[in-house]
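2 protein chains.
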Amino acid sequence: MLERLHSWLRQATPAVEWNSVALSTLALLGRRGRLRITDLVAAARITQPGMTSLVARMATAGLVVKEADPADGRATLVSVTPAGHAYLEQIHERRAEVIAGHVRGLSPARLQSLIGALDALETLAAQPITPGAEPR
Amino acid sequence: MLERLHSWLRQATPAVEWNSVALSTLALLGRRGRLRITDLVAAARITQPGMTSLVARMATAGLVVKEADPADGRATLVSVTPAGHAYLEQIHERRAEVIAGHVRGLSPARLQSLIGALDALETLAAQPITPGAEPR
DNA sequence: AGAAACTATATCACAAACTTATATAAGTCA
DNA sequence: TGACTTATATAAGTTTGTGATATAGTTTCT
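As they're listed, the protein sequences go chains A and B.
If you're matching positions, the first sequence starts at 3 in our numbering and goes up one per residue.
If you're matching positions, the second sequence starts at 3 in our numbering and goes up one per residue.
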């Protein structure tokens, strides 16, 4: 059911210079504000050293900044820079464009049903992944 | 809109041993039957040598088989083995399980709207990606 | 307070998966 | 037939990720 939709959505993303883990990490930071590397690791399917190096690369590219956590000397707080936000926005627009082009081709009835389901889809997307998603 | 849904769907996929390009390639083969490497390249965001090695790895793992194309001596036809189909099915079930768990949590009204939109979503997913998806 | 145990991040060496450039073999066409 | 073109393979180098482990800071327990 939603299977094909997923791979379709993936392909609807115009080719970008950052991989999917990087993009969803950046998007997560954009939504939640500053987070520690450990928190980012928990949300992505990558190991801690992998996230450390990803954050370092994104910092070099100017998308994020790392600052010391005043509350915990071991931790590093990562947050999105204005350039990072602009980049996210740009990606968003490019995808929206592609998707809109296809949505426009739907029959009015289908379009209507899709609009009606937006709320449900948003609700779904807002749910954290719980079940067997993260194998212990 | 459909932005977050995408990353949600990605995370709803239980961790697997094959990356997303491999899975969608395998799924494509499952749907379309035997295809040449060049066709697979066109559908995935990967270069030809990358696809050649991916196919080689999947063949080693027993998910696909390569055969000479009787109609074109240069080409190789790739198709899914029974084990490959079983693997696809298994992934499908695992994902369906995770998704179903979440869908069940929706309010009846939202669930209804979602069901109503399935047809539209299927239609969308069946459309080839056209616009600026594949930069020349 | 002080030592032991735990936690957050970093570093290192190695492996996997790509990429670009190029080779090889097979088909196409004037 | 000979000059192109096309389909896949190979090779070398790069990027991105992993596992093991180090380092420094925080807790906990007595």
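All C-beta atoms, glycine included, are put in the ideal place defined by N, C-alpha and C.
None of these values were measured; they are calculated from a predicted model.
- For Arg59 (chain B), the enclosing alpha helix (DSSP H) has its first and last residue at 50-62.
- Look at Thr125 (chain B): its C-beta is under 8 Å from a C-beta on chain A.
- Note: Glu69 (chain A) is bridge-paired with A:Leu79 in the DSSP secondary-structure output.
- Interface residue (Cβ-Cβ distance to chain B less than 8 Å): Ala29 (chain A) is classified as such.
- Checking the DSSP bridge columns, you'll see Asp74 (chain A) partnered with A:Asp71.
- Residue pairing for Arg36 (chain A): DSSP places it in no beta bridge.
- Look at Val105 (chain A): its C-beta is under 8 Å from a C-beta on chain B.
- In the three-state DSSP reduction, Ala17 (chain A) falls in the coil class, being neither helix nor strand.
- Straight-line spacing of the CA atoms in Ala61 (chain A) and Lys68 (chain A) works out to 7 Å.
- Three or more beta-carbon pairs separated by less than 8 Å are not found between the region 73-89 of chain A and the region 78-88 of chain B, which leaves the two stretches without contact.
- Approximately 7 Å separates the beta-carbon atoms of Val105 (chain A) and Leu113 (chain A); this is inside 8 Å, confirming the contact.
- Cβ contact annotation for Arg38 (chain A) (same chain, cutoff 7 Å, sequence separation greater than five): Asp71, Ala77, Thr78, Leu79, in chain order.
- Counting along the chain, Gly86 (chain B) sits inside the alpha helix (DSSP H) bounded by residues 84-105.
- Look at the region 58-91 of chain A: it has no residue with a C-beta under 9 Å from a C-beta of chain B.
- Only Leu7, His8, Ser9, Trp10, Leu11, Arg12, Gln13, Ala14, Thr15, Pro16, Ala17, Ser22 from the region 7-22 of chain A bring a Cβ to less than 8 Å from some Cβ of chain B.
- Between Ser9 (chain A) and Ser26 (chain B), the gap from beta carbon to beta carbon is short of 8 Å.
- In this structure, the alpha-carbon of Leu28 (chain A) lies about 46 Å from that of Asp74 (chain B).
- For Ser55 (chain B), no CB of chain A lies under 8 Å from its own CB, so it is not counted at the interface with that chain.
- Exposure of Gln50 (chain B) is indicated by the presence of fewer than 16 other C-beta atoms within 10 angstroms of its C-beta.
- Not a single C-beta of chain A is nearer than 8 Å to the C-beta of Asp41 (chain B).
- In the assembly as shown, Arg97 (chain A) is a buried residue. Its beta-carbon has 16 or more other beta-carbons within 10 Å.
- Ranked by Cα distance from Gly103 (chain A), the options B:Leu126, B:Leu65, B:Ile48, B:Thr15 are led by B:Leu126.
- Between the alpha carbons of Glu95 (chain B) and Ala119 (chain B) lies a distance of about 22 Å.
- With its beta carbon at least 8 Å from every one in chain B, Gly35 (chain A) lies outside the interface.
- Not a single CB atom of chain B sits nearer than 8 Å to the CB of Ala24 (chain A).
- Interface annotation, Ala122 (chain B): in contact with chain A, CB-CB separation under 8 Å.
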